[in-house]
Amino acid sequence: MKFGQAHDKKEPSDHKETGGLLKMAKAGNSDVYFGEWSHTGTAKDGSHNVFYVGQERASNLPELGTVKYHVRGMNNYSGDNMLTGVLNADFGLDMIYGTIANKGLSVKITALMNRDNASFEGNANARGKLAGEKVVQGISAGQFFGNGASALAGIATFGSRRDLDTAFGGTKQP
């Protein structure tokens, strides 16, 4: 895939033509993507970066109620280790919380919403085999996208533990 080309697949793809290794996935059927890049493609090369991007920032967040988002996450993706889980958005309390996990890593998100720009920011905790079986504290940030906040995407970063940095995205559950 060359820079600027569309990527419509829901499953992650490797894009080695970009210089380094770029892996990305689509959140449901929305125009929201999340992924990771590293220079060598190895977990600890020091260049591991996570990202998200979307077409239409949400302009009309729900006023009340809790919405569940089915979320997938990417951390050193190798073909079969996508993180999965549920993030709950409590629009009455302006909070988002939940966990995504695979067999080697669990990332817990607890964040406050900013209604002015349909974003969220807060804490992230990583634990599991990849984290050395201890809790590593980090930060989370993300954005709601689409009509009525139909999708979300974000990142969890862990300072010097870039090997734990995780990108995620998902859509509302019916």
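Residue numbers (the numbering used here): 636 to 809.
Note that beta-carbon positions come from the ideal geometry of N, C-alpha and C, so glycine has one too.
Residue environment analysis places H683 among the buried positions, since at least 16 neighbouring C-beta atoms fall within 10 angstroms of its C-beta. Relative to Y712, the option among V702, S785 and V685 whose CA is nearest is V685.
Here N758 is near I774, since their CB atoms are less than 9 Å apart. A distance below 6 Å between beta-carbons, with the five flanking residues on each side excluded, links F779 to the following residues of its chain, in chain order: A693, A753 and L787. Of the residues assessed, K764 falls on the exposed side of the cut-off, its CB having fewer than 16 other CB atoms within 10 angstroms. The beta carbon of P697 is closer than 7 Å to those of F726, G783 and A784 in its chain, skipping five residues each way along the sequence.
Take the alpha-carbon of N749 and the one of G663: they are about 23 Å apart. Contact check for G708 against F755 fails: the beta carbons are separated by 9 Å or more.
CA-to-CA, the gap between V688 and V667 works out to about 6 Å. With respect to V742, Q808 sits apart: the two C-beta atoms are not nearer than 9 Å.
Looking from the CA of G733, the closest CA among N760, N716 and M717 belongs to N760.
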